[in-house]
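Remarks on the structure that follows.
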Amino acid sequence: DVKVTQSSRYLVKRTGEKVFLECVQDMDHENMFWYRQDPGLGLRLIYFSYDVKMKEKGDIPEGYSVSREKKERFSLILESASTNQTSMYLCASSPTQFSEAFFGQGTRLTVV
Amino acid sequence: GEDVEQSLFLSVREGDSSVINCTYTDSSSTYLYWYKQEPGAGLQLLTYIFSNMDMKQDQRLTVLLNKKDKHLSLRIADTQTGDSAIYFCAESIGGYQKVTFGTGTKLQVIP
Numbered sequence: 001d002v003k004v005t006q007s008s009r010y011l012v013k014r015t016g017e018k019v020f021l022e023c024v025q026d027m028d029h030e031n032m033f034w035y036r037q038d039p040g041l042g043l044r045l046i047y048f049s050y051d052v053k054m055k056e057k058g059d060i061p062e063g064y065s066v067s068r069e070k071k072e073r074f075s076l077i078l079e080s081a082s083t084n085q086t087s088m089y090l091c092a093s094s095p096t097q098f099s100e101a102f103f104g105q106g107t108r109l110t111v112v
Numbered sequence: 113g114e115d116v117e118q119s120l121f122l123s124v125r126e127g128d129s130s131v132i133n134c135t136y137t138d139s140s141s142t143y144l145y146w147y148k149q150e151p152g153a154g155l156q157l158l159t160y161i162f163s164n165m166d167m168k169q170d171q172r173l174t175v176l177l178n179k180k181d182k183h184l185s186l187r188i189a190d191t192q193t194g195d196s197a198i199y200f201c202a203e204s205i206g207g208y209q210k211v212t213f214g215t216g217t218k219l220q221v222i223p
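Written out as C-alpha cells, the structure is:
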C-alpha cells in the first residue's frame, strides 16, 4: 500500500513563527503536492514538485515556500506564520502525471 | 476559468440512492475524478472517468458525465452509514499538476 505520512496531525504556532510541515511518501513517486483545505473552498494547490529540487507554484503560493531535497520528502515552509494560514494542510503524491494522487492524513495548523 | 462547483450538503436515508452533483467550466478537461474524505483523514480516490466517456459503473458507484452541460454526477446505490463523508469532484486539464478540486459535498446518511 502507498503510504503518505505527514509529520503532525495537529500544530499550534504563534504569529511570526517559522513553521515546517513535513511529508514523506514511500512509493518512489515523482510528483508531490501541498494543498490547503478550507470549508466552502475545497482544496487549493499551494505548490507541487515533479522531481527532486524542482518546484512549481500552485494557485496560492503567497506566504509559503517548499523544499524537495530527496525524492521521498516534500516540505512546506511558512516563513512567518499568520492567522490567515490557519487551515488543514494536505500532502499528496502521484507516480505519473495523469494517475491518481495519494493523500496524507492532513495537518491541522492553528496560528494564534 | 476553472471553477468546479458542488452543493455543500446532502442528507439521505440509509438504503436510498445518493446523487452528488458537480459542474465545471473548462471544456478542455481530460480526466474527472471523485474523491472521498472520511472524518479526520486525507482524500481517497473513489473513481475517475475520461472526458470521452459518458458513464462509468463500479459496483455501487455510477459516474455520469454530460459534456454538453459540463455536469458530472456520482450516484451511490444502497447508501450505507459508512458512506458518510465529504465527496470532492476534481478535473484535470493536461495532467495532474493542473487538477482543480470542487468545494466538496458533505454526505450525511441517516440510519
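Protein chains in written order, with my numbering: chain P, 1 to 112; chain S, 113 to 223.
Note that beta-carbon positions come from the ideal geometry of N, C-alpha and C, so glycine has one too.
Backbone CA spacing between residue i and residue j [nearest angstrom]
i      : j      : result
P:R44  : S:E126 : 32 Å
S:Q192 : P:K53  : 44 Å
P:E62  : P:L41  : 17 Å
S:G113 : S:S140 : At S:G113, the pLDDT of 42 sits below 50, so the modelled position is not reliable; the number obtained from the coordinates is stated separately. In a straight line, the C-alpha of S:G113 is about 11 Å away from that of S:S140.
P:V66  : S:T142 : 28 Å
P:T83  : P:Q6   : 21 Å
S:L176 : P:I60  : 31 Å
P:G106 : S:Q156 : 12 Å
S:I222 : S:V124 : 6 Å
P:K57  : S:Q169 : 35 Å
P:A92  : S:D181 : 30 Å
S:Q149 : S:I198 : 5 Å
S:P151 : P:Q85  : 21 Å
Residue j beta carbon less than 8 Å from that of residue i
i      : j      : result
P:V24  : P:E69  : no
S:K179 : S:S204 : no
Chain S contact for residue i (CB, 8 Å cutoff)
i      : result
P:Q25  : no
P:L43  : yes
P:G106 : yes
Any C-beta of chain P under 8 Å from that of residue i
i      : result
S:G113 : With a pLDDT of 42 at S:G113, under the threshold of 50, the predicted position of this residue should be treated as unreliable, though the coordinate-derived value follows. It does not: the Cβ of S:G113 has no partner Cβ on chain P nearer than 8 Å.
S:T137 : no
S:L177 : no
S:F213 : yes
S:L186 : no
S:A189 : no
S:G154 : yes
S:G127 : no
S:L157 : yes
Expected contact under 8 Å - CB spacing of residue i and residue j to nearest Å
i      : j      : result
P:L109 : P:K13  : 7 Å
S:L186 : S:I132 : 5 Å
Contact test: residue i Cβ vs the ligand HEM heavy atom, cutoff 7 Å
i      : result
S:A202 : Among the components modelled here there is no ligand, and therefore nothing to report on the ligand HEM.
>> If the cut-off is 9 Å on Cβ atoms, which residues from the region 89-104 of chain P count as contacting chain S, listed in chain order?
In response: Taking 9 Å as the Cβ-Cβ cut-off against chain S, the residues of the region 89-104 of chain P that qualify are L90, C91, A92, S94, T96, Q97, F98, S99, E100, A101, F102, F103, G104.
> Any residues in the region 37-65 of chain P with a beta carbon nearer than 9 Å to a beta carbon of chain S? Which ones, in chain order?
Replying inline: Of all residues in the region 37-65 of chain P, those with a C-beta nearer than 9 Å to a C-beta of chain S are Q37, P39, G40, L41, G42, L43, R44, L45, F48, Y50, E56, G58, D59, reading in chain order.
> What residues in the region 193-206 of chain S have a beta carbon less than 9 Å from any beta carbon of chain P?
Replying inline: Answer in chain order: F200, A202, S204, G206.
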